[in-house]
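Data first, discussion second: the structure below is written as structure tokens.
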Amino acid sequence: GTLRGLRHADAAPGMPATSAPSERTGWSQEDGADQGLQSGGLLGALVEVVGSASGENLEASNAALLRGRACAWSGPAEDRFLVETFEGLSLDVPSSKLSKFAAPPVGQPGGFDAAWPWPPLLSRSSDLEEDEGGGQSSAEDDAQTAAAIEDAWEEFSELLLDRLLKKGFCLVRMFGSEEVREDAMQDVEKLEGNFTRLPAELEQAYLGLLGSTGKVLWLLNGCDVHHGELKRSAAQLVGGSENEDSGLAYFRQHAHRLHGLFSEEVFAQALGYEAGSCSAGELLRRPFASKEEEVVLGLGSMYQLDIEHGVVKRHLELARSHLLCVLLVVAGGGQVELSPVEGVDLPIVCLDLPQDHLLVFREDLLNFCYTPLSSGDVVLQSWIASGIAPP
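Position in the sequence shown (from 1) plus 4 gives the number in our numbering.
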């Protein structure tokens with residue numbers, strides 16, 4: 005019922021095929037029982053470096069730099085692991101310097117519910133050498149790689165669904181990179197002149213309760229029918245689907261992968277919506293740069309013509325059809341308050357949402373308020389809805 009049969013090239017957004025561990029000399033990547041036992045159960049696990057690692061000068065006190073996933077194993081002779089960290093580093097570490105890492109509970113420093121299934125292998129600074137023969141992996145290695153990634157997605161799917169059923173939200177730790185984040189912010193700056201403010205009638209429905217205001221740019225299914233040209237220009241500026249390994253497109257591909265997961269029947273049945281439910285919008289949101297900008301953009305209202313043509317009604321219907329909301333922090337970070345809708349017996353939860361984290365929550369159960377912590381905050385927000393075509 006969960007994602008199965010993922011190909012190596014598209015199993016993790018942004019992971020170029022030429023960077024796969026199975027294509028690097030001396031490294032293998034398997035998910036078989038024998039391999040897992042021989043590697044001490046570390047292969048594919050979340051791990052923490054407990055000593056120095058070759059290729060990087062790391063401060064032991066910076067825990068985020070020393071935590072990630074063990075993606076490949078050199079074999080019993082050398083007994084070393086390729087560790088892709090949450091911060092985008094590739095570390096060559098002997099097994100004696102690794103221990104399994106269990107995330108702290110949500111609400112504690114560094115806490116999260118689940119880690120993204122497989123790192124995108126973004127680091128450009130790895131000291132591992134490519135195969136002199138061209139780096140082409142065998143069909144067997146490709147199959148082992150696909151199986152390992154498939155198992156990671158299976159585990160992630162089960163954990164994600166469990167959290168959504170039990171508490172209505174799931175906080176996901178992503179694998180990031182300063183290089184990709186800088187590229188994404190360059191894309192955002194190119195789009196800066198196209199940001200606007202939602203009409204008063206729609207702001208709370210889309211951006212959350214009071215405190216969640218700011219400027220937005222629709223990347224998919226714009227907030228009104230007059231933005232068709234704007235959407236096309238925005239897609240061109242961020243590279244569309246042609247460059248999925250860098251910049252803003254990299255973050256968008258993560259969100260799209262998650263949307264694909266939610267369209268699966270196992271999620272639909274468990275959460276009570278129709279399989280194949282549609283994506284209901286994707287926007288960038290960021291704080292106003294100043295009070296002056298807030299005044300200039302203004303808090304508008306819908307045009308009378310839009311009201312007569314039913315645009316407001318269709319937007320409000322679409323907002324009410326939202327089932328799941330996804331907040332992916334591109335840069336900066338903020339705080340989220342999740343409060344139960346009337347009649348739902350769930351506690352109010354306040355969460356820190358740092359960069360390289362993703363929050364998905366059920367809008368049929370929870371209201372939300374997002375408060376950025378700096379003017380440099382950028383969030384990619386999207387929704388899954390059922391039964392209603394976007395305006």
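No residue lacks a Cβ here, since even glycine has one placed at the ideal position from N, Cα and C. Keep in mind that this is a model prediction, so the values were computed, not measured.
Are F85 and L70 closer than 8 Å when you measure CB to CB? no
Cβ-Cβ distance between S267 and A279 below 8 Å: yes
Which one of E207, D381, G48, Y254 has the shortest CA to CA distance from E154? G48
Quick one: residues in its chain with C-beta nearer than 7 Å to the C-beta of G338, no 5 flanking neighbours on either side, listed in chain order? L357, Y374, T375, P376, L377, D381
Does the structure place the segment 253-267 close enough to the segment 343-351 that three or more beta carbon pairs sit under 8 Å? no
Do the CB positions of C174 and D117 come within less than 8 Å of each other? yes
How long is the line joining the alpha carbons of L168 and E269, rounded to whole angstroms? 15 Å
Does the beta-carbon distance from G302 to G180 come in below 8 Å? no
So what's L357 in DSSP terms, helix, strand or just coil? strand
Which of the three DSSP states, helix, strand or coil, is assigned to L362? strand
Helix, strand or coil, according to DSSP, for W122 in the structure here? coil
Under 6 Å Cβ to Cβ from D189, same chain only, skipping five residues before and after it: list those, please. First, the residue type needs correcting, since residue 189 is Met and not Asp in the sequence shown. Excluding positions up to five away in sequence, the list reads A335.
Straight-line Cα distance separating L288 from V220: 5 Å
Would E341 pass as a contact of I352 if the rule is Cβ separation under 8 Å? yes
Across which residues does DSSP place V333 in a beta bridge pair? V383
Assuming R177 and A107 make a contact with CB atoms under 8 Å, what is their CB distance in whole Å? 7 Å
Can you tell me whether G114 is buried or exposed? The criterion is at least 16 other CB atoms within 10 Å of its CB, across all chains shown. exposed
Assign L285 to buried or exposed, taking buried as 16 or more other Cβ atoms, counted over all protein chains shown, within 10 Å of its Cβ. For clarity, residue 285 is Gly in the given sequence; the question names Leu instead. Classification of G285: buried, given that the 10 Å Cβ count is 16 or more.
Under three-state DSSP, which class holds L163? helix
For E52, I'd like the list of residues in its chain whose CB is within less than 8 Å of its CB, leaving aside the five on either flank, ordered along the chain. A67, L70, R71, L102, S103, K104, F105
Just to confirm, is the Cβ distance from P291 to S379 under 8 Å? yes
So, helix, strand or coil for P395, using DSSP? Its pLDDT being 44, under 50, P395 is placed unreliably in this model, and the value from its coordinates should be taken loosely. Coil, per DSSP.
The alpha helix (DSSP H) spanning K171 covers which residue range? Looking at the DSSP string, K171 is not in any alpha helix (DSSP H), and its letter there is neither H nor E.
Alpha carbon of I388 to alpha carbon of S343, nearest angstrom: 19 Å
Which of helix, strand or coil does DSSP assign to G45? coil
Hey, quick one: how far does the beta strand (DSSP E) through L110 stretch, first residue to last? It should be noted that the sequence gives Val, not Leu, for residue 110. From DSSP, V110 is part of no beta strand (DSSP E); its letter is neither H nor E.
If you run the structure through DSSP and keep just helix, strand and coil, what is S325? coil
Would you kindly check if the distance between the Cβ of D187 and the Cβ of G251 is under 8 Å? yes
Does the Cβ of L214 have 16 or more other Cβ atoms within 10 Å, making it buried, or fewer, making it exposed? exposed
Have a look at E88 and W122 and give me their C-alpha separation to the nearest angstrom. 9 Å
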